[in-house]
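Take a look at the structure below.
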Amino acid sequence: MATIPVHELTRSQIARRERVVRAAMELASEGGYEVVQMRDVAARAHVALGTIYRYFSSKDHLLAAGLVEWVGELNQRLQVRKLHGDTTLEKLLEILRASTSSLEREPNMGAAMVTAITSPDPSVSQCQQDVSAAMIEILSLAIAPDQEDRRDGIISVLLHVWFSSLLGWVNGWRNVSTVGQELEIAAKLLCGQIP
19 MATIPVHELT RSQIARRERV VRAAMELASE GGYEVVQMRD VAARAHVALG TIYRYFSSKD
79 HLLAAGLVEW VGELNQRLQV RKLHGDTTLE KLLEILRAST SSLEREPNMG AAMVTAITSP
139 DPSVSQCQQD VSAAMIEILS LAIAPDQEDR RDGIISVLLH VWFSSLLGWV NGWRNVSTVG
199 QELEIAAKLL CGQIP
């Protein structure tokens, strides 16, 4: 069964979809990727199992959609928040710290979302694009006007380091605090400071 695109949903369908995503995120927060089972999500969201499959083709699609929402909320918060740094590096570090600290607060949920977003499931690909676009927008907040010519390169490299570090964390090769440390080293190198 094909899922209904978000832009075609009615208000009540959007509310149900949001309940489903919230229920999945709660379960992921409690026990990680393995704990998120579609029947349990349906029970927690008070919807029929078939309802979930109207919006999400798989568990990975559902959790990846949760990451899209998480990054979207982070983007909204950072758009209205004044960054305190004076330089591109200081602003980048502030954004990177804000982003990784929320993963540290909810490591089970973060690991579940990262696991899902790496899925080869074709329905996850739009979520991958949405997360990438939001992260580009977020990191762009830090780039000073005199650095605009380097903006795309700085952001691209940071996103690659971030993704690699998150995969290492999810697979047990490093801990979550290492993600932030690696991002800070990359940001400093990209901004011309040797850490």
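19 is the number of the first residue of the sequence shown in our numbering; add one for each residue after it.
Note that CB positions come from ideal geometry on N, CA and C, so glycine has one too.
N- and C-terminal bounds of the alpha helix (DSSP H) containing residue i
| i | result |
| --- | --- |
| Trp180 | Arg169 to Val188 |
| Gly49 | Arg29 to Gly49 |
| Ser195 | Val194 to Leu208 |
| His79 | Lys77 to Val98 |
| Ala129 | Pro125 to Ile135 |
| Gln144 | Ser143 to Ser158 |
Local Cβ density within 10 Å of residue i, reported as buried at 16 or more and exposed below that
| i | result |
| --- | --- |
| Glu200 | buried |
| Gly164 | The question names Gly, but residue 164 is Asp in the sequence shown. Exposed: under 16 other Cβ atoms inside 10 Å. |
| Arg95 | exposed |
| Ala66 | exposed |
| Leu176 | buried |
| Lys100 | exposed |
| Ala183 | Rather than Ala, the amino acid found at residue 183 in this sequence is Ser. By the neighbour-count rule (16 or more Cβ atoms within 10 Å), Ser183 is buried. |
| Ile172 | buried |
| Trp187 | buried |
| His25 | exposed |
| Asp170 | exposed |
| Val86 | buried |
| Arg42 | In the sequence as displayed, the identity of residue 42 is Ala instead of Arg. The residue in question, Ala42, is buried, as its Cβ has 16 or more Cβ neighbours within 10 Å. |
| Trp88 | buried |
| Trp180 | buried |
| Arg35 | buried |
Three-state secondary structure assigned by DSSP to residue i
| i | result |
| --- | --- |
| Leu67 | helix |
| Asp104 | coil |
| Ile113 | helix |
| Pro140 | helix |
| Gln211 | coil |
| Ala162 | coil |
| Thr21 | coil |
| Val53 | helix |
Closer than 7 Å to chain C by CB, residue i
| i | result |
| --- | --- |
| Arg37 | Absent here is chain C; the protein component of the structure consists of one chain. |
Count the C-beta pairs between the region 112-119 and the region 53-66 that are closer than 8 Å, then say yes if the count reaches three, no if not.
-> no
Are at least three pairs of beta-carbons, each pair with one atom in the region 141-152 and one in the region 74-92, less than 8 Å apart?
-> yes
Hey, is the region 123-135 in contact with the region 67-83, meaning 3+ C-beta pairs nearer than 8 Å?
-> yes
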